[in-house]
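Converting from the sequence shown to this note's numbering requires adding 84 to each position, the first position being numbered 1.
All residues carry an ideal CB built from backbone N, CA and C; glycine is no exception.
Right, one structure below, let's go through it.
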Amino acid sequence: RGLRRPFVIAAQHPAWSAALAQAAGAPPEAVRLIARHQTPPQADDFWLQRLQAADDRS
Numbered sequence: 085r086g087l088r089r090p091f092v093i094a095a096q097h098p099a100w101s102a103a104l105a106q107a108a109g110a111p112p113e114a115v116r117l118i119a120r121h122q123t124p125p126q127a128d129d130f131w132l133q134r135l136q137a138a139d140d141r142s
């Protein structure tokens, strides 16, 4: 709680979101993308780039 809470949420957000997506039955590739959505993409990582662009707009 307190001042650390936002930092914990930011750090754990990708893992928590991926776990929720997996529990909801998302395809494995979608779960992997969600888990990685805050890491820098490689030049050829088309779907991760698209997910990050959508996330940036929301």
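To the nearest whole angstrom, what separates the beta carbons of A105 and V115, a pair I think is in contact under 8 angstroms? Residue mapping note: residue 105 aligns to position 21 of the sequence shown, counting from 1. Residue mapping note: residue 115 aligns to position 31 of the sequence shown, counting from 1. Yes, they are in contact, since the Cβ atoms of A105 and V115 sit about 5 angstroms apart, within 8 angstroms.
Going by beta-carbon coordinates alone, are I118 and A102 separated by less than 9 angstroms? Here residue 118 refers to the residue found at position 34 when the sequence shown is read from its first residue. Here residue 102 refers to the residue found at position 18 when the sequence shown is read from its first residue. A contact, by the Cβ cut-off of 9 angstroms.
Taking the alpha-carbon positions, what's the R88 to P125 distance? Here residue 88 refers to the residue found at position 4 of the sequence shown. Here residue 125 refers to the residue found at position 41 of the sequence shown. For R88 and P125, the gap between their C-alpha atoms comes out near 27 angstroms.
Could you pull out every residue in the same chain whose Cβ sits closer than 8 angstroms to the Cβ of W131, ignoring the five residues on either side in sequence? For the purposes of this step, residue 131 is taken as residue 47 along the sequence shown, with counting starting at 1. Counting only Cβ-Cβ distances below 8 angstroms, and skipping sequence neighbours, we find E113 and L117.
Does the beta-carbon distance from P98 to Q122 come in below 9 angstroms? The sequence position of residue 98 within the sequence shown is 14, counting from 1. The sequence position of residue 122 within the sequence shown is 38, counting from 1. In this structure, P98 lies near Q122, with their beta-carbon atoms less than 9 angstroms apart.
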